[in-house]
Each structure stands twice: as structure tokens, then as C-alpha cells.
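Since the structure comes first, as C-alpha cells, the remarks are kept for the end.
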Amino acid sequence: MTIRVFRNARIHTGDPVRPPAEALAADGEEITAVGTEAEVRAAAGTGAELVDLDGAAVIPGLYDAHIHTANYARERSQVDLRHARSLDEALAAIAAHAARLAPGAWLFGGRWNSNQWERPVQPDRHALDSVCPDRPAALPSVDGHTVWANSLALRMVGVDRTTPDPVGGQIVRDEHGEPTGILRESASYPLRDLMTAGELVDELRAAQEDLLALGLTSVHDIDGEDCRAAYLRLRDAGELKLRVHKAIPAEHLEAAVEEGRRTGEGDDWFRTGPVKLFSDGALGSHTCHMIEGFAGDEGNHGIAVTPYDELVKLVRTAAGAGIAVATHAIGDRANRLVVDAYEEAGLPPGLRFRIEHAQHVRREDITRMARLGIVASMQPVHCTSDMDLVSALLAGQDLASYAWRTMLNAGVPLAFGSDAPVEHPNPFAALHAAVTRTRPDGTPPGGWQPEQRLGVGEALRAHTLGSAYAAGEEGRKGLLTPGRLADLVAVDTDPFASDLDAIARTKVLATVVGGEIRWQRSP
4 MTIRVFRNAR
14 IHTGDPVRPP
24 AEALAADGEE
34 ITAVGTEAEV
44 RAAAGTGAEL
54 VDLDGAAVIP
64 GLYDAHIHTA
74 NYARERSQVD
84 LRHARSLDEA
94 LAAIAAHAAR
104 LAPGAWLFGG
114 RWNSNQWERP
124 VQPDRHALDS
134 VCPDRPAALP
144 SVDGHTVWAN
154 SLALRMVGVD
164 RTTPDPVGGQ
174 IVRDEHGEPT
184 GILRESASYP
194 LRDLMTAGEL
204 VDELRAAQED
214 LLALGLTSVH
224 DIDGEDCRAA
234 YLRLRDAGEL
244 KLRVHKAIPA
254 EHLEAAVEEG
264 RRTGEGDDWF
274 RTGPVKLFSD
284 GALGSHTCHM
294 IEGFAGDEGN
304 HGIAVTPYDE
314 LVKLVRTAAG
324 AGIAVATHAI
334 GDRANRLVVD
344 AYEEAGLPPG
354 LRFRIEHAQH
364 VRREDITRMA
374 RLGIVASMQP
384 VHCTSDMDLV
394 SALLAGQDLA
404 SYAWRTMLNA
414 GVPLAFGSDA
424 PVEHPNPFAA
434 LHAAVTRTRP
444 DGTPPGGWQP
454 EQRLGVGEAL
464 RAHTLGSAYA
474 AGEEGRKGLL
484 TPGRLADLVA
494 VDTDPFASDL
504 DAIARTKVLA
514 TVVGGEIRWQ
524 RSP
């Protein structure tokens, strides 16, 4: 194995009792020494390869605890409506993209956000038909919990006025009972199953370069079985450059149990993760499950995507097979039901149970999460993206929203991620949001609900060791100490010595995974 010494750097190990180091040695994939350059070079021996980091700051490899890498990879070549500020702008972008597609090809992509349009009214199939009449189109909203479909797409999946709403979903209808083209939660699943165009192995191979360039060395992927198969093919071909902790889709749980999968099985490059369940929807789609109704729509309490009894059954099935559980919950009612379900089913030792997002929670349920050891897997940029919507829709409710300070103080383990492609996967944007509670432009001054801000070290720990802990990998990842994996990032901005606003502008200079430079910025 090659012994390398990474030198001429200010290395933040992530261990609070260790001062910043000057050098780090890796023998193959593992760290063998950290300290002064003299100490590390003596430990590594005279034959070690020297890697000069040119005075860069170094931090542990960043770990995205919640990312949809297959969706991210696919959407790199699909229409992107995030920046549309009106229906007309969205339709113009769709028309331009459709013109570049082969005749009859499906049109996918989307990430539209009608909450930010000049007229915040959700679109319908007739508008989409006007620019896309001769090809099926299915476009998820920015939160991914609503799909906007045209008439041809609805016909192709058999949705019409006679189609009943599925459990945990809604087919939105006009005053005549006809589908409008808006499908919420489980009603959109038939269309989501079709959003798999392209060769995923090739798309993931390209997308991992994006993620490495952002300083990500590990991901907890939330996508489907096709994504698992593609990553295994990349690993077997020696082309996997970042580490993958792979979730199991809820619909594949029984098959995974029969196959004998268990959380944590695998190697340092690819491990089986938890089963991913859903308790509710999303705030932007008005489908997160709330105790109180939304302001201006008080009769709407959101959608329970998985009925409670079924949730408990799934948790018990997974736990009994040695599979951890990660459940999506955004509304306070959804979060309470997930905590109830975990407590009723029982949390077996050795498995980390998680709540994904944990966005709007009652304080008494945060206390219960801490007592039960439930991990809060959160995405800080959701806070800065949604703060205005929270203030409008959840006004006056007694909630702890994006409450990572309250969570941490109560003893709830924190793991940070991006939820890409819902948000951009840049972890430095997440760190900035966690420590400032402001958008990149500095608004609102002082931060939204600033009492929930974290310190730089706390935020970085949640995006490194916290994510590793959520996956049961804290003994291998998250700190730059001997015996752990040599996964590290050299950056141009020292997060501990710079202005907080500079964190969002951080550029990665080099990303090291397993002691090898896997990505490096061009001079």
C-alpha cells in the first residue's frame, strides 16, 4: 500500500481535544498519524509520498446524510424550473427543453415552485398541454411531493375522472371532477416509476464528480433499487470514488428481508442502510401532516402518507430483520406519530432509528426523541428556503421549526444533509444556513429565529461525525484521527478563522477519499 503524508496545511481533525495539526499520514485507506509535520513524517517513514496542500485548511470529509443521488444524476440533463418566477416563465423553459428532445420522448425534470410565482397558483394540465401537446410530461415540484402532468401522461398511467384517490395521496380535480394534472404524494407514484430514462450507471459516474467537487466523501442515498444496482456496478468496476450508505425503499422491504440484507452490511465503500418510510408530505405542497390546519386553509391538516398501524408494522418488520428505519416526517403530527411508532415497535440495540427532516416538531416530542435516541436527519438549507412559507402557513402555532439548537441542547443526535436535488448538494451552503439562519444574501438580518443557530464546530460535526453516527459508521468516518478512514477535504476558507458569511463561498481545492486525491481544482 502507498503511504502518503499530507502536509503544509491547517488540519481540523474534528476531535475537540486535539489542536489543529500540520500534517496527516495515510497508509492505504486509513489514517496512521496526525500532528506536527516532523511527528507525522517520522511515523510515516522515509519512503512516504509527500502531498503538499499549499497552506489550505483541511476538514473531515463531508457526509450528506440525506441525498437522492439517482434523481440528482438524472436531473442534470432535464428541465430545471427552480428559477422560474411565473407560469409563463416555466412554460417557456419547458417548450425550449421539449424542442431538444427526440419525438415522443417523455419530458421530465421540473422542481417548479408555484409558491414563489408572481401569481402563486398551482398550474394545470391544460397549461402544460399548450407547450407539450405531443409528448407525455411529468414534472415534480421543488419539494418532490407533487407532480404536474399533462393530459397525455395522465392517459398513459390510466388517471381519469373515475380514478379514486389512493391511500396517502390525492388526485386534484376541477369543479367538474376532472383531474387537473396535479397529483400529490402516492397519487404521483405511477409517474415517478417512469422517471428512469437514461443509463443510470453513466449518470451516477458523472454526478459523483460534482459531489466530490463539493467536498462530499460519503453519501446516504435515499433512492431506489436501480440506484443500488448501479452503485454496485460502479464499485465492482473500480469506478466508485465516494462512499455510499444505501437506503432500502419501503416497497422493497419484504424482498430485502428475504434476501437477508441487514443495516451496516458491506464494506467501507458500499453498505446497506435503513429502510426509508414516509409519514407525511411537504410544507410547500400543503401535505405535511399537522396538528393544526394551515393559515388560510384551516381545514387542511395535510396527508398521512402511511397510516399509523401500517407504519408500526413496517417498523417492527424492519427491526426484527436487523434493518434500521429512517422515516420522512415534516409536520408536527407526522413527527409525533413517528416517535409513537418507534416507541411502540421498540428500538432494538445496535440500530439507529432516524426521522428525516424533523422540520416542525412540538417541544415535548423533541424530549421524547432524545430519550429514545432517535436521530434527527436535517437539511439546513430547507430552513432558509422555506422560512417565508413557514411564517405564512404556520403562523401562531407552538412549534420548534428547523430547531437544531433545541434538538442538540436536548440531546438529540444531529445529522446534516441536503435532500438534493430538492436543494443544491453544496454542504457549505448547509453549514452557512446552520450557523447564520440567513440566505446567502444575508437576509433576514440577524437570522430567522436566530436562537436556533449553531456554532461552526457544531454544524461541521453534524455534517461529518453526526452523519456517520446516524449510519452506525462513527468508528470509521467523521474525524481525522488514527485508525479512521483517510477521507478529507482541503478548502480555501478556514471555517474557524473566517467571517461566517464566507463559509457559503468556500471553494474545495482537493477531495481525498481513502488516502487518494479523487478530485482536485484546476490551477
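Letter by letter, the sequence shown follows residues 4 to 526 of the numbering used here. No residue lacks a Cβ here, since even glycine has one placed at the ideal position from N, Cα and C.
- Contact check for Arg264 against Ile251 passes: the beta carbons are separated by less than 8 angstroms.
- Shown here, Val145 sits in coil according to DSSP, grouped into three states, outside any helix or strand.
- Phe431 is the residue among Leu463, Phe431, Asn303, Gly518 whose C-alpha sits nearest the C-alpha of Asp504.
- Cα atoms of Glu295 and Tyr345: separation of roughly 23 angstroms, rounded to the nearest angstrom.
- Non-local beta-carbon contacts of Leu434 in its own chain, meaning distances under 6 angstroms to residues more than five positions away in sequence, involve Ala462, Ile506 in chain order.
- Taken atom to atom, the span from the alpha-carbon of Leu392 to that of Gln173 is near 22 angstroms.
- Closest in C-alpha terms to Asp30, from the list Asp490, Glu257, Gly269, comes Asp490.
- Of all C-beta pairs linking the stretch 375 to 385 to the stretch 408 to 417, three or more are shorter than 8 angstroms, placing the two stretches in contact.
- Sequence-distant partners of Ser154 (beyond 5 residues in either direction) whose C-beta falls short of 6 angstroms from its own C-beta, in its chain, are Arg128, Asp132.
- The residues Gly17, Ile62, Pro63, Gly64, Leu65, Tyr66, Lys480, Gly481, Leu482, in chain order, have a CB closer than 8 angstroms to that of Thr467 in the same chain once the five nearest residues on each side in sequence are set aside.
- The alpha-carbon of Leu235 is positioned some 8 angstroms away from that of Phe273.
- As DSSP reads the structure, Thr514 sits in a beta bridge with Val492, Trp522.
- Where Ser380 is concerned, the enclosing beta strand (DSSP E) starts and stops at 378 to 381.
- The three-state reading of DSSP puts His363 in strand, counting E and B together.
- If you ignore the 5 residues before and after Ala76, its C-beta comes within less than 8 angstroms of the C-beta of Leu203, Glu206, Leu207, Ala209, Ala210, all in its own chain and listed in chain order.
- Each of Asp300, Pro277, His304 was checked against the Cα of Arg319, and the nearest Cα belongs to Pro277.
- DSSP, reduced to helix, strand and coil, places Trp451 outside both helices and strands of the structure shown, so it counts as coil.
- Rounded to the nearest angstrom, the Cβ distance from Val384 to Ile358 is 18 angstroms, too far for a contact under 8 angstroms.
- Pairing Asp163 with Glu181, the inter-Cα distance amounts to about 7 angstroms.
- Between Tyr311 and the set Glu347, Ala474, Ala259, the nearest pair of CA atoms involves Glu347.
- Distance from the CA atom of Leu488 to the CA atom of Val364, rounded to whole angstroms, is 35 angstroms.
- The stretch 30 to 43 makes no contact with the stretch 69 to 84; the number of CB pairs closer than 8 angstroms stays below 3.
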